[in-house]
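J.: Sharing a structure here in structure tokens format.
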Amino acid sequence: AVCSICHDELREDLVRFVGDCPHVFHRECVHNMAKYGSGHLKCPLCNAVKLYSHGSQPSGAMEWTTGDEPVLKGHEGTKTVTITWSFPDGIQGRKMMSEGHRYRGTSRTGYLP
């Protein structure tokens, strides 16, 4: 078997299975895709999203919509993707800087052409 990313031979101790995808990868290849990618991995063979980044951020929600507003400079005449992240007040969990301490929630919005 070969790695679906670099196409080199696989060794059992270096294999990473991701999600329900039948394709396999070297752990180092998956690590590099996560490190230099967009926060999620797509299998290079079937293009299915396989792994989302999970870090020490609090629980929350992300919503997105598309529309004609706002118009982004340099992208007039195209739709705009509006992304809103919402994090409610909470208590810091494991792997956070101050486990057990309260934090204030926040909401942020970003735009893509």
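Residue numbers (our numbering): -14 to 98. The beta carbon of each residue, even a glycine, is placed where N, CA and C say it ideally should be.
Buried or exposed: which applies to His16, given that a residue is buried once 16 or more other Cβ atoms fall within 10 Å of its Cβ?
T.: As a first step, residue 16 is located in the sequence shown; it is residue number 31 there, counting from the start. Classification for His16: exposed.
J.: Does the beta-carbon of Ile68 have 16 or more other beta-carbons within 10 angstroms, so that it is buried, or is it exposed?
T.: Taking the sequence shown and counting its residues from 1, one reaches residue 68 at position 83. That one is exposed.
J.: With H, G and I counted as helix, E and B as strand and the rest as coil, what does DSSP make of Ala19?
T.: Residue numbering aside, residue 19 sits at position 34 when the sequence shown is read from its first letter. In the structure shown, Ala19 sits in a helix (DSSP, three-state: H, G or I).
J.: Can you have a look at Met47 and say buried or exposed, based on whether 16 or more other CB atoms are within 10 angstroms of its CB?
T.: Walking along the sequence shown from the start, residue 47 turns up at place 62. Its Cβ having fewer than 16 others within 10 Å, Met47 is exposed.
J.: Note down the Cα distance separating His60 from Leu(-5), rounded to an integer number of angstroms.
T.: To locate residue 60, count along the sequence shown from 1; it is residue 75. To locate residue -5, count along the sequence shown from 1; it is residue 10. Approximately 44 Å between the Cα atoms of the pair.
J.: Near Cys14, which residues of its chain fall below 6 Å by C-beta distance, leaving aside the five closest residues on each side in sequence?
T.: Taking the first residue of the sequence shown as 1, we reach residue 14 at position 29. Listed in chain order, the non-local C-beta contacts of Cys14 below 6 Å within the same chain comprise Cys(-12), Ile(-10), Cys(-9), local neighbours out to five positions each way being set aside.
J.: Rounded to the nearest angstrom, how far is the Cβ of Gly52 from that of Trp70, given a contact under 8 Å?
T.: Within the sequence shown, the letter at position 67 stands for residue 52. Within the sequence shown, the letter at position 85 stands for residue 70. In fact, because the Cβ distance is near 18 Å, the residues do not count as touching under 8 Å.
J.: Is it buried or exposed, Val9, if we count other Cβ atoms within 10 angstroms and call 16 or more buried?
T.: Within the sequence shown, residue 9 is the residue found at index 24, counting from 1. It counts as buried.
J.: Write down every uninterrupted run of the beta strand (DSSP E) in the region 36 to 77 whose length is 3 residues or greater and which is fully enclosed by it, in chain order.
T.: 46 to 52, 65 to 72
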